[in-house]
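K.L.:
My questions will all concern the structure given below.
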Amino acid sequence: MNNSQFLIFSSQLAILALLLPAGLILLAGGSLAGRRPARSAVAGLGGLALAAISYWACGFAFQLGGVGLVWDLPGLEGLVWEWASPFNLEWGVLGLRGFFLLDEAATPAALALFLAHLPSLAVGVLLPFLALRERLPGWMSMLGAVLLAAIVYPVAGNWFSGGGWLMHVGQTLGLGHGYVDLTGTSTAALVGSLAALLGIVIFRRRLPPLPEGEVAMLPVVHLPVLAILGAFLAAVGSVSLFAANPILAGAGLAHPRVGVNLLLAAAGGAILPGLYTWFTTGAADSLVAARGCVAGVIAATAAASLIPPWAALALGGAAGLLVPLVTFVVRYVLRIDDPTGALPIGLPAGVLGILAPGLVADGQAGQGWNGIGVESYLGVAGQGITGFVPAPGLASDWPGQINAQLVGMAAIAAWTAAAVAILFLILKVLLVLWRFVPVPEEEDDLEP
Numbered sequence: 139m140n141n142s143q144f145l146i147f148s149s150q151l152a153i154l155a156l157l158l159p160a161g162l163i164l165l166a167g168g169s170l171a172g173r174r175p176a177r178s179a180v181a182g183l184g185g186l187a188l189a190a191i192s193y194w195a196c197g198f199a200f201q202l203g204g205v206g207l208v209w210d211l212p213g214l215e216g217l218v219w220e221w222a223s224p225f226n227l228e229w230g231v232l233g234l235r236g237f238f239l240l241d242e243a244a245t246p247a248a249l250a251l252f253l254a255h256l257p258s259l260a261v262g263v264l265l266p267f268l269a270l271r272e273r274l275p276g277w278m279s280m281l282g283a284v285l286l287a288a289i290v291y292p293v294a295g296n297w298f299s300g301g302g303w304l305m306h307v308g309q310t311l312g313l314g315h316g317y318v319d320l321t322g323t324s325t326a327a328l329v330g331s332l333a334a335l336l337g338i339v340i341f342r343r344r345l346p347p348l349p350e351g352e353v354a355m356l357p358v359v360h361l362p363v364l365a366i367l368g369a370f371l372a373a374v375g376s377v378s379l380f381a382a383n384p385i386l387a388g389a390g391l392a393h394p395r396v397g398v399n400l401l402l403a404a405a406g407g408a409i410l411p412g413l414y415t416w417f418t419t420g421a422a423d424s425l426v427a428a429r430g431c432v433a434g435v436i437a438a439t440a441a442a443s444l445i446p447p448w449a450a451l452a453l454g455g456a457a458g459l460l461v462p463l464v465t466f467v468v469r470y471v472l473r474i475d476d477p478t479g480a481l482p483i484g485l486p487a488g489v490l491g492i493l494a495p496g497l498v499a500d501g502q503a504g505q506g507w508n509g510i511g512v513e514s515y516l517g518v519a520g521q522g523i524t525g526f527v528p529a530p531g532l533a534s535d536w537p538g539q540i541n542a543q544l545v546g547m548a549a550i551a552a553w554t555a556a557a558v559a560i561l562f563l564i565l566k567v568l569l570v571l572w573r574f575v576p577v578p579e580e581e582d583d584l585e586p
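Residue numbers 139 to 586, in our numbering, belong to the letters of the sequence shown in order.
Here's what the structure looks like:
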């Protein structure tokens with residue numbers, strides 16, 4: 139298969155990977171009652187469309203405008219404008235080439251890269267968009283989605299995938315192979331869930347105090363088949379993320395272990411919360427199992443080609459098991475109204491996915507990633523990205539890689555919190571000025 143044929147094939151796989159955000163839309167609808175699933179589906183489709191247009195207009199340029207400086211893939215030679223420190227180009231913070239996919243970004247390789255990153259971006263946009271759609275006027279929700287897709291996530295994405303400073307902390311700070319999230323989906327889930335949390339707090343989507351004597355209950359699933367279908371589509375779509383990315387495929391990181399690991403993570407994410415709810419309530423809860431499945435998949439996407447199958451199963455199981463626990467804390471401790479599950483899905487999946495390369499990457503893949511260890515690493519020829527538990531014969535990279543992941547997670551969380559807080563506070567002021575009065579919800583829309 140020549141390069142042109144490969145790019146056509148990867149672009150087709152990228153379209154298939156859009157099943158991941160489509161699954162999120164269906165999963166959100168499965169937890170809603172009355173006419174809310176229909177409204178959620180329309181809002182989700184609109185959010186996905188806005189994300190694609192915003193990323194095409196400027197998000198791609200901000201994220202990948204300097205990717206040609208760090209990858210020599212044919213067709214990316216023109217994407218070499220990175221806003222960085224004049225004293226050290228390895229401290230880049232923003233790409234500045236490729237607006238509207240014109241000129242340097244009109245090559246087949248650049249277009250394939252746009253399609254490959256779009257599903258992850260959509261995850262980061264849909265989590266807060268679906269969670270907050272009923273709290274804001276339509277135009278405000280759309281403005282928030284546009285800014286998330288055009289600025290907030292692309293800036294963070296540039297830092298770890300487009301030539302930015304987190305890619306280079308291996309060279310500049312001696313931290314492993316730099317920050318690693320191969321597809322960006324775990325990072326997008328962290329960004330999206332933090333945005334949802336801030337939006338819920340700022341716009342005061344809180345539940346009344348729990349009446350004395352009332353027992354905590356799991357969220358009601360109104361359309362279980364829809365929720366399970368959404369989880370299945372998300373799992374299938376995630377498998378295409380690696381082969382759809384020409385950079386990952388060119389680096390040998392799109393191999394059969396990816397599919398095995400992602401499906402094992404999905405299985406672990408579905409089974410453990412299902413068993414937990416069966417043990418605690420006497421019946422497995424379909425909504426919690428579906429959310430756990432998606433959380434497990436998202437957690438595994440950061441390092442699916444870097445970790446052994448047992449680690450993928452454990453990672454997915456841990457992310458899934460945290461879903462009912464985070465749901466309880468959010469709903470009954472913090473009294474936060476999150477009917478679509480943005481927080482229990484996104485937060486544990488994002489955090490565990492980001493930590494995975496530093497914990498369970500076994501060193502058998504990722505040689506030379508981010509320019510580190512092209513010939514050898516830690517004195518071992520051919521060793522790749524490695525965490526605390528290496529494969530036999532390889533050296534542990536502890537605490538180098540986990541420190542890179544922690545630095546990256548802290549920086550991205552801080553950027554997201556600052557940018558989203560400013561955005562939502564401005565929207566709240568506009569909301570007051572426009573004297574918006576929410577339409578009362580119908581009785582059949584209210585959850586017990």
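We treat Cβ as the ideally placed atom computed from N, Cα and C, and that holds for glycine.
1. On the DSSP letters alone, give me the boundaries of the alpha helix (DSSP H) that N141 sits inside.
2. Which runs of the beta strand (DSSP E) at least 3 residues long sit entirely within the segment 408 to 466? Give them in chain order.
3. With a threshold of 16 other CB atoms inside 10 Å of the CB of L183, please say whether the residue is buried or exposed.
4. Does the distance from the C-beta atom of G168 to that of L425 stay below 8 Å?
5. For S192 and M305, I'd like the C-alpha separation in whole angstroms.
6. Would the segment 507 to 520 and the segment 445 to 458 be scored as touching if the rule is three or more Cβ pairs under 8 Å?
7. Decide if S89 is buried, meaning its Cβ has at least 16 other Cβ atoms within 10 Å, or exposed.
8. Going by C-alpha to C-alpha distance, which of I523, Y414, S178, W553 sits closest to G501?
9. Decide yes or no for the touch test of the segment 322 to 339 against the segment 278 to 295: beta carbon pairs closer than 8 Å, at least 3 of them.
10. Buried or exposed: which applies to A548, given that a residue is buried once 16 or more other Cβ atoms fall within 10 Å of its Cβ?
11. For H306 and chain C, any beta-carbon pair shorter than 8 Å?
12. With a Cβ-Cβ cutoff of 8 Å, do L165 and R429 count as a contact?
13. Below 8 Å on the Cβ atoms is my guess for L158 versus P275; work out the distance and round it to an integer in Å.
14. Taking all protein chains shown into account, do 16 or more other C-beta atoms lie within 10 angstroms of the C-beta of V363, making it buried, or fewer, making it exposed?
15. Bridge partners for A519 per DSSP, in chain order?
16. Exposed or buried, Q143, counting other C-beta atoms within 10 Å across all chains shown (16 or more means buried)?
17. Exposed or buried, which one is G491 when buried takes at least 16 other CB atoms within 10 Å?
18. Identify the continuous alpha helix (DSSP H) that holds G368 and give its terminal residues.
19. Comparing C-alpha positions only, which one of L569, V567, L386, F562 sits nearest to G282?
20. Using DSSP with H/G/I as helix, E/B as strand and the rest coil, what is G230?
21. Excluding the five sequence neighbours on either side, which residues of its own chain have a C-beta within less than 8 Å of the C-beta of I153, listed in chain order?
22. With a threshold of 8 Å, are at least 3 pairs of Cβ atoms found where one atom belongs to the segment 187 to 203 and the other to the segment 235 to 255?
23. Rounding to the nearest angstrom, what Cα-Cα distance links F380 and L211 in this structure?
24. Taking all protein chains shown into account, do 16 or more other C-beta atoms lie within 10 angstroms of the C-beta of G496, making it buried, or fewer, making it exposed?
25. In its own chain, which residues sit with a C-beta less than 6 Å from the C-beta of G407, not counting the 5 before and 5 after it?
P.N.:
So, from the listed chains and residues:
1. As a first step, residue 141 must be located in the sequence shown, where it is residue number 3. Residues 141 to 155.
2. none
3. For the purposes of this step, residue 183 is identified with residue 45 of the sequence shown, where counting begins at 1. Classification for L183: exposed.
4. Numbered from its first residue, the sequence shown carries residue 168 at position 30. Numbered from its first residue, the sequence shown carries residue 425 at position 287. Yes. Within cutoff.
5. Counting from one through the sequence shown, the residue named residue 192 turns up at place 54. Counting from one through the sequence shown, the residue named residue 305 turns up at place 167. Near 24 Å, if we compare the C-alpha coordinates of M305 and S192.
6. no
7. The structure shown does not extend to residue 89, since the chain is modelled only from 139 to 586, so the question has no answer here.
8. Indexing the sequence shown from 1 puts residue 501 at position 363. Comparing Cα positions, the closest option is I523.
9. yes
10. As a working note, residue 548 is residue 410 in the sequence shown. A548 is exposed by the Cβ-count criterion.
11. Absence of chain C from the displayed structure is noted, only one protein chain being present.
12. Against the sequence shown, residue 165 aligns to sequence position 27. Against the sequence shown, residue 429 aligns to sequence position 291. In contact: L165 and R429 (Cβ atoms closer than 8 Å).
13. Taking the sequence shown and counting its residues from 1, the one referred to as residue 158 is at position 20. Taking the sequence shown and counting its residues from 1, the one referred to as residue 275 is at position 137. Contact doesn't hold; Cβ gap of about 28 Å is too wide.
14. Numbered from 1 along the sequence shown, position 225 holds the residue referred to as residue 363. By the neighbour-count rule (16 or more Cβ atoms within 10 Å), V363 is not buried but exposed.
15. Taking the first residue of the sequence shown as 1, we reach residue 519 at position 381. In the DSSP output, where bridge partners are listed per residue, A519 has S514.
16. By 1-based counting over the sequence shown, the position of residue 143 is 5. Classification of Q143: exposed, given that the 10 Å Cβ count is below 16.
17. Along the sequence shown, one-based indexing puts residue 491 at 353. With 16 or more Cβ atoms within 10 Å of its Cβ, G491 is classed as buried.
18. Taking the first residue of the sequence shown as position 1, residue 368 is located at position 230. Taken as a continuous stretch (DSSP letters only), the alpha helix (DSSP H) holding G368 covers 362 to 382.
19. Taking the first residue of the sequence shown as 1, we reach residue 282 at position 144. Nearest option by C-alpha distance: F562.
20. Along the sequence shown, read from residue 1 onward, the residue named residue 230 stands at position 92. The answer is strand: DSSP assigns G230 an E or B state.
21. Reading the sequence shown from its first residue, position 15 is the one you call residue 153. Excluding sequence neighbours, I153 sits near L253.
22. yes
23. For the purposes of this step, residue 380 is taken as the residue at position 242 of the sequence shown. For the purposes of this step, residue 211 is taken as the residue at position 73 of the sequence shown. The alpha-carbon atoms of F380 and L211 are separated by roughly 16 Å.
24. Residue 496 sits at position 358 when you count from the first residue of the sequence shown. Buried, since its Cβ has 16 or more Cβ neighbours within 10 Å.
25. Locating residue 407 in the sequence shown gives position 269, counting from the first residue. Cβ within range, chain order: G430, C431, A433, G434, G454, A457, G458.
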